[in-house]
Amino acid sequence: MRKRIAIIGSGFSGISAAAYTAQAGNEVHVFEKNSSLGGRARQFKTPDGYTFDMGPSWYWMPDIIENFFADFAKRSADFYCLTPLNPQFEMVFTNNVVAIPEKYEDLRNLFEHMESGAAKQLDRFMDEAQYKYEVGMKDFVNKPCHSWFEFFSLKIARSALKLDLFSSFQTHVRRFFKHPQLISLMEFPVIFLGAMPKDIPALYSLMNYGGYKLGTWYPMGGFIKIIDAMVAVAKEQGVQFHLNAPVTKIHIKHNQATSLAVNGETIPFDAIIASSDYHYTEQQLLEKQYRNYRDDYWRKKTLAPSCLIFYLGLKQQIPNLKHHTLFFENDLNIHAKEIYDTKKWPTRPLFYTCCPSKTDKGLAPEQHENLFLLMPLASGIEDNNNLREKYFREMLQRLEKHTGASNLLKQIVYKKSYCIRDFKEDYHAYLGNAYGLANTLSQTAVLKPSIRNKHVKNLYYTGQLTVPGPGVPPAIISGKIAATEVNKLKIMPYETAI
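Pasting the structure below:
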């Protein structure tokens, strides 16, 4: 039976859910509170010719993104051009800089140069990581996680030990490598999973395979091109998008969601998928008796980081700077401890720069540079302009030291900061988080917030605070999981429910 379905939010998970529910023959409406689509992946342009992606910047796991388009008989190449980055990124240490090459054989040579025998160890590490990737990203992450029984298949049971669910990522990396810089190179991808490497399951070495082995890519025109492509796919399926349309209430009758309140109007639906912030959806859009979790449940959860971002337009090009650069002169464990344990602004921060105009000249005026700086920090801590400016100056000084550029402050013609209070304002993000819920063992699979409302049979959730977790590919998968569940629903039409 054709259903009328509402999607709240237009990030990757929301658009994915919309496309898959519409593909099943349903009438689908997406409601976005902001003036443009994309959620955290929005893009903005300045009057003087700079174009900034606001969120994701690492195009990893290209096959997972490709799977979305393949499900609709499309290819990403039908919509945008992907270019491989070489080097994939640079990592700046106190006394040297390490560039990660595009080709795996060159990566082996780099590891061997830094540590005798490390090339063979890298092969062993990547063989295990590939197995985890192929099992994890095909069999493990596509479950709705209503029950552990979903994982009781012969294949997954046989794979359990090889997936390394119960050993830490920190211990796993040190089984293979001794050189501290190689350890940093292998551990860095998990920093945005929401916990210190000692608390992340070794399963997530799959990220090293999905990045270093499958390559780091860039969609020409920016990450908004992925959003635009997914929106085009969704519209082809009949999805209707509504901008400047904040949802203020989910109406429930007889334990069934019947309608949404949007801009003073009550709009009836047969089912609802909330791609909006899970905590906000429950605490602000639902009456207390219909919430899956109380507020104290959320307070006990471990969140992935928030971050401080600066979007900068410069009137000169910066020498000796790559598309992606990680500034790791300081200790990862100290910074991670201040994010996840002591929860304070970092004393010796690590940070990241993305300079997409090195690859895509159309993002800045000729001979100018488009740059953003990003520093991870704890969610829910104080955020004010003085703190933002303090860390901006430090990041700029370290950028100058690395590149040899001078007086960058005088070259800045556009500057915008973005931090905890902006994540709250734009996305209703719980505690101003940027990356969702941490992928710790105690917050894995069935132990994550449920994708299904336990009290309202036609209300589902999707996105980075539920399964499978944070990141662009997982968000796309999350949307598909929620859509699959809603497509199977057998419910009375909304006219009868009302």
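Numbering (the working numbering), first residue to last: 8 to 505. Just so it is clear, CB atoms sit at the ideal spot from N, CA and C, and this is done for glycine as well.
>> Our contact map puts A126 next to F118 with C-beta atoms below 8 Å; I'd like the distance itself, whole angstroms only.
In response: 5 Å
>> Applying the 10 Å Cβ sphere with the 16-neighbour rule, what's the burial state of T255?
In response: exposed
>> Whole angstroms are fine: how far does the CA of K232 sit from the CA of P477?
In response: Straight-line Cα distance between these residues: approximately 20 Å.
> If you follow the alpha helix (DSSP H) that E141 is part of, which residue opens it and which one closes it?
Replying inline: 125 to 142
>> What would DSSP say about H153, mapped onto helix, strand or coil?
In response: coil
> Could you check where the beta strand (DSSP E) with H249 kicks off and where it finishes?
Replying inline: 247 to 249
> Can you tell me where the beta strand (DSSP E) with R11 in it begins and where it stops?
Replying inline: 11 to 15
> With DSSP run on the structure shown, which of helix, strand or coil describes H330?
Replying inline: coil
>> Less than 6 Å between C-beta atoms, sequence neighbours within five positions excluded: which residues of the same chain meet that for Y425?
In response: Cβ neighbours of Y425 beyond the five flanking positions: I316.
> From which residue to which residue does the beta strand (DSSP E) around Q50 run?
Replying inline: 50 to 52
>> Quick check: the segment 41 to 61 against the segment 208 to 222, are at least 3 beta-carbon pairs closer than 8 Å?
In response: no
>> Just to confirm my understanding: we take K351, look at its own chain, exclude 5 residues before and 5 after, and list those with CB closer than 6 Å. What are they?
In response: Closer than 6 Å at Cβ, skipping near neighbours: E345.
> Straight-line CA distance for A373 to R9?
Replying inline: Checking the sequence, you will find Glu at residue 373 rather than Ala. Going from the Cα of E373 to the Cα of R9 covers about 52 Å.
>> For A489, count the other beta carbons within 10 Å of its own beta carbon; 16 or more makes it buried, fewer makes it exposed. Which is it?
In response: So A489 counts as buried.
> Start and end of the alpha helix (DSSP H) containing H342?
Replying inline: 339 to 347
> From A441 to P196, what does the alpha carbon distance come to, in whole angstroms?
Replying inline: 16 Å
> Is it buried or exposed for W155, if we count other Cβ within 10 angstroms and need 16 for buried?
Replying inline: exposed
> Looking at C-alpha atoms only, which residue of D113, A268, L416, F147 is the closest neighbour of G222?
Replying inline: D113
> Cα separation between I505 and H261?
Replying inline: With a pLDDT of 37 at I505, under the threshold of 50, the modelled position of that residue is not reliable, and the figure given next carries that caveat. Taking the straight line joining both Cα atoms gives about 10 Å.
> Any idea which residues DSSP pairs M98 with across the strands?
Replying inline: The partner list for M98 (beta bridge, DSSP) reads V105, L333.
>> Comparing C-alpha positions only, which one of L328, K487, E122 sits nearest to P187?
In response: E122
> So L200 packs on A445, CB below 8 Å; how close in whole Å?
Replying inline: 6 Å
> Are there 16 or more other CB atoms within 10 angstroms of the CB of G32, so buried, or fewer, so exposed?
Replying inline: exposed
> When DSSP labels each residue in this structure, what does D523 get in the three-state scheme?
Replying inline: An answer regarding residue 523 cannot be provided, because it is not within the stretch 8 to 505 covered by the chain.
> Which class does K260 belong to by DSSP, given the choice of helix, strand or coil?
Replying inline: strand
> L454: which of Y437, N465, T473 sits nearest, CA to CA?
Replying inline: T473
> Quick one, are the C-beta atoms of A241 and A25 less than 7 Å apart?
Replying inline: yes
>> Within a Cβ cutoff of 6 Å, which residues of the same chain sit near Q418, ignoring the five residues on either side of it in sequence?
In response: Counting only Cβ-Cβ distances below 6 Å, and skipping sequence neighbours, we find L321, K322, Q323.
> By DSSP, does Y287 sit in helix, in strand, or in coil?
Replying inline: helix
>> For L267, which residues in the same chain have their Cβ closer than 8 Å to its Cβ, ignoring the five residues on either side in sequence?
In response: A13, I15, F38, V254, K256, I257, H258, T273, I274, F276, I279
> In terms of residues, what are the limits of the beta strand (DSSP E) holding A5?
Replying inline: Nothing about residue 5 can be reported from this structure: the residues present for the chain run from 8 to 505 only.
>> Considering just the uninterrupted stretch of the beta strand (DSSP E) at G320, what are its terminal residues?
In response: 313 to 321
> Residues in its own chain within less than 7 Å of S413 by CB, not counting five upstream and five downstream?
Replying inline: Excluding five sequence positions before and after S413, the CB atoms of its chain that fall closer than 7 Å to its own CB belong to E407, given in chain order.
> Quick one: Cα of P356 to Cα of N465, how far?
Replying inline: 44 Å
> Just to confirm, are S283 and T469 a CB contact at a threshold of 7 Å?
Replying inline: no
>> Assuming contact is defined by CB atoms lying nearer than 7 Å, are S42 and R49 in contact in what I supplied?
In response: Contact check for S42 against R49 fails: the beta carbons are separated by 7 Å or more.
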